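Numbering (UniProt numbering), first residue to last: 1 to 1000.
No residue lacks a Cβ here, since even glycine has one placed at the ideal position from N, Cα and C.
As the structure is a computational prediction, the values presented were derived from the model and not from experiment.
Structure (structure tokens):
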């Protein structure tokens, strides 16, 4: 195992940095470094340390120290969202994360249509702030909910709509830069007089401008002749656009803009800390024409004709991506736009958008366009139209998931990003891709494709098993072949994702101009300390560009993990770093621990990285020193895993379906074989079994846990903030409901099976929140059905979560055997009240060896919706009794059973009651997570992110408001944090039906 200890020179640098007044975070723990050793690419490089500067002054401290002669062997690399596919932000030196603290929107000027931001701001975060002004930042990315502005500028990112809106640099008005030596300067377009004044000075800024100006003069004709005239022209060190037209219509002069070099420079010239950006009015009217094709090449060849109609954009998706999308939760949101004709499925689609501020003009464009489409119905299989931004965004959400969905292709060979952003003139794209496909077919490789056909960019991802040496060696072979192919069609290797670790091909594409790039690099970074080896090096012979076949791939470590362990940890091993878990939206369910801590260690991507590295280290540790390193690292992994809420949002929302709760459970099982478990684990693991006993003494239990000495014991020894109270509500209906064993049900008549509902009891709604179960029983009767209870038995979820996997398996098999008699009774409806436990039967039980079949256990809404739908829509007979009802969904239910979650709105609509379904993330409780002392602060922070304001606003509303939540954990958290009374939807439904006098 290669030592990952920090070398002495880096220790000295960090020690000196701490003395300078650096206010940010200096992270040297192994976990932080491992998590930052990968991005959204195939590469891996562990940094010596990770710095999280608080402000521009911190960045200056780093750069000042870096310039000292004794630290010339120190290298630094900036990082934003970590979504790059070419390893731009990977380094073996110091990684500087500009996204953690430097993420503020500093100024919005709606009148002049510009904003000033720190470079750690996320693109969607910016657009959310701009939306009230009717403005937006144009470059559109598939990773827009986690990509930072700094990352976009550093790669000169573009995406959908670039033929109209251009690239990122087209919207950069000014850049605040910190360069080597800690120099801070503002870069913007200047006129020739200003340029002369700057170059006449004797300072660092004069050096930068003089070098760039000399090149623009000396190489003017070569620059004009060298670069293809493409929408996606050169990214980084763009010499062709140093001179630009003035935006002043009166001025008859060109402006010199150093930003054409800085945008796309990937941190190799300096660090960007702030940017002033041009923003645009949001089009008032939009329509998206979704065209289906019998094969993908037909979609590509048709694009040339579609471009003639001058749409805003044309996006394409191939059959591989479409098939994966149909297996993802996203398909339920877009299925209506891609109707299947008979047995024929579309094997390619083009998404063509028209937009503008005049509704009639947009409608006329769409009408003319669709009339054109109908002229050739053999080429095209059909089309649909999505009108309005909401519908269009649903379709684009599917297109945006393409990157991640390809990573979820089954098997060990997965589509990999390494030749995926080639750009050629759009008129040559179909021919280029046809040869590209032939090239991959010759290597017997599968692949997926999607992209921007209007700009001549198609993302092609060949499927490779990077653990396989032969496959990983194809990276260099295929890249060389694609370079030649791209040259042949007059294109570039890098269309929008930057150069990064593919920079060895820079001399090939820049040709005789490459020495000019070296001159630029030397002016800013003479000793090759800023993200070295990428794009260009200073001209000294000791400085080399990185080569693809000399770089460490992730697969180099992965192949040393034993196969059985690789397979056991399943989807976690296939995390490709797409970063969907870094979604900035506070109302999104994905990974609440990441949102609350802003620490990438506490994210699915971070935890997946730690799991892989832990398995690798466990496999290769041989010497006493290596085993000691492994032991220390295990504690760091344990800490990261302990911060996971096991809410399973990653399973539902990650395109790869990375299952961190399952990996956490497996890790805990191994970890606690050599490390004693805390007493708390044993108490929580046995709580389901103890609950019925405690319930017999419910009043005594409630009084005891409120005693100061008992609560002290709970906090000091069990490390729990509090334990939940036993229910005090009446349980008359529960007591009167017959309890039946599964084998008894086999003797029921078909009539009784059809009119009965069998309820699986859970500890939460049976003993702690009994009124919910009691009311559900009443509701079943009210609807004309007969309720029955199964005997209470422990579900075992806590065992699985805490890593008591053998006990969980035994419990699951025992329960499955009890229920097996019900498997063939299709007429019988079995319902579980709590979503977290019900979904455990449906998901975790299915993974247990020895369980082949489980009866279908429904969530309450899955039983209710067809029943109420069959009865017909009801009308409100007593309008004065109507109240405002707000619904807060359970995060596991929303992400792992999204279709069933949406049924609640349909149910209430059918009984004439409008429900306001609130968009929220996780509440922060997640079982007993929020009750644990170690998690109390984070639990409260999570609640603050998206629940507290909405709950407390509803509490104090002038209009009578009922709050309902489907999860027991959510109702408990609202009570603890806001002292709010929150009911289960079945309780509101029962109450409403009784008030309205509906009889069945």
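{"Check": "So, under 8 angstroms CB-CB, residue 830 and residue 942 are touching, yes? Tell me the CB distance rounded to an integer number of Å.", "Outcome": "So it is not a contact: roughly 32 angstroms between Cβ atoms."}
{"Check": "Mind the definition here: the segment 600-613 touches the segment 677-694 only if three or more C-beta pairs lie below 8 angstroms; say whether that holds.", "Outcome": "no"}
{"Check": "List the endpoints of the continuous alpha helix (DSSP H) containing residue 719.", "Outcome": "First-last for residue 719: undefined, no H or E at that position."}
{"Check": "How many Å lie between residue 1034 and residue 841 at the Cα?", "Outcome": "This structure gives no information on residue 1034, because the portion of the chain shown stretches from 1 to 1000."}
{"Check": "Whole-angstrom Cβ separation of residue 262 and residue 177, contact assumed at under 8 angstroms?", "Outcome": "7 angstroms"}
{"Check": "Apply the 10 Å Cβ neighbour rule to residue 284 and answer buried if 16 or more other Cβ atoms are within range, or exposed otherwise.", "Outcome": "exposed"}
{"Check": "With respect to the alpha helix (DSSP H) encompassing residue 188, which residues constitute its N-terminal and C-terminal limits?", "Outcome": "Not the alpha helix (DSSP H): residue 188 falls in the beta strand (DSSP E), residues 183-188."}
{"Check": "For residue 443, tell me which candidate among 470, 266, 13, 742 has the shortest Cα-Cα distance.", "Outcome": "470"}
{"Check": "Give a yes or no on whether the C-beta atoms belonging to residue 874 and residue 911 are separated by under 8 angstroms.", "Outcome": "yes"}
{"Check": "Tell me residue 498's beta-bridge partners as DSSP assigns them.", "Outcome": "None, per the DSSP bridge assignment."}
{"Check": "If you reduce the DSSP assignment to three classes, tell me which class residue 51 lands in.", "Outcome": "strand"}
{"Check": "Within 10 angstroms of the Cβ of residue 812, are there 16 or more other Cβ atoms? Answer buried if so, exposed if not.", "Outcome": "buried"}
{"Check": "Which residues bound the alpha helix (DSSP H) around residue 909?", "Outcome": "903-910"}
{"Check": "Buried or exposed, going by whether 16 or more other CB atoms sit within 10 Å of the CB of residue 292?", "Outcome": "buried"}
{"Check": "In terms of residue numbering, what span does the alpha helix (DSSP H) encompassing residue 194 cover?", "Outcome": "192-199"}
{"Check": "Run the CB neighbour count on residue 863, radius 10 Å, all protein chains shown included, and call it buried at 16 or more, exposed below.", "Outcome": "buried"}
{"Check": "Tell me whether residue 156 sits in a helix, a strand or coil according to DSSP, three-state version.", "Outcome": "coil"}
{"Check": "Rounded to whole angstroms, how far is the Cβ of residue 1001 from the Cβ of residue 99, which I believe are closer than 8 angstroms?", "Outcome": "The shown model of the chain, from 1 to 1000, leaves out residue 1001, and the question about it has no answer."}
{"Check": "If you draw a straight line from the C-alpha of residue 39 to the C-alpha of residue 593, how long is it?", "Outcome": "20 angstroms"}
{"Check": "DSSP state of residue 615, grouped into three classes?", "Outcome": "helix"}
{"Check": "Quick one: using the 10 Å Cβ neighbour count with 16 as the cut-off for buried, is residue 739 buried or exposed?", "Outcome": "exposed"}
{"Check": "Rank 260, 257, 355, 350 by C-alpha distance to the C-alpha of residue 282 and give the top, closest one.", "Outcome": "355"}
{"Check": "Helix, strand or coil, according to DSSP, for residue 461 in the structure here?", "Outcome": "strand"}
{"Check": "From the DSSP output, in three-state form, read off residue 697 for me.", "Outcome": "coil"}
{"Check": "In three-state terms, what does DSSP make of residue 811?", "Outcome": "helix"}
{"Check": "Roughly how many angstroms separate the alpha carbons of residue 565 and residue 559, rounded to a whole number?", "Outcome": "11 angstroms"}
{"Check": "Distance check for residue 318 and residue 450, CA to CA, integer angstroms please.", "Outcome": "6 angstroms"}
{"Check": "Identify every residue that forms a DSSP beta bridge with residue 450.", "Outcome": "317, 459"}
{"Check": "Put residue 420 into one of helix, strand or coil per three-state DSSP.", "Outcome": "coil"}
{"Check": "Compare the Cα-Cα distances from residue 485 to each of 328, 508, 468, 993 and report the closest residue.", "Outcome": "508"}
{"Check": "Rounded C-beta distance between residue 498 and residue 86? I'm assuming under 8 angstroms.", "Outcome": "5 angstroms"}
{"Check": "Buried or exposed: where does residue 290 fall if 16 or more other Cβ atoms within 10 Å of its Cβ makes it buried?", "Outcome": "buried"}
{"Check": "To which residues of the same chain is residue 22 closer than 6 angstroms at the C-beta, ignoring the five residues directly before and after it?", "Outcome": "58, 61"}
{"Check": "Quick check on the DSSP output: what are the complete beta strand (DSSP E) runs of length 3 or more inside the segment 238-283, in order along the chain?", "Outcome": "243-245, 254-256, 271-278"}
{"Check": "Taking C-beta to C-beta, are residue 714 and residue 770 nearer than 8 angstroms?", "Outcome": "no"}
{"Check": "Nearest to residue 67 by CA position, among 47, 967, 181, is which residue?", "Outcome": "181"}
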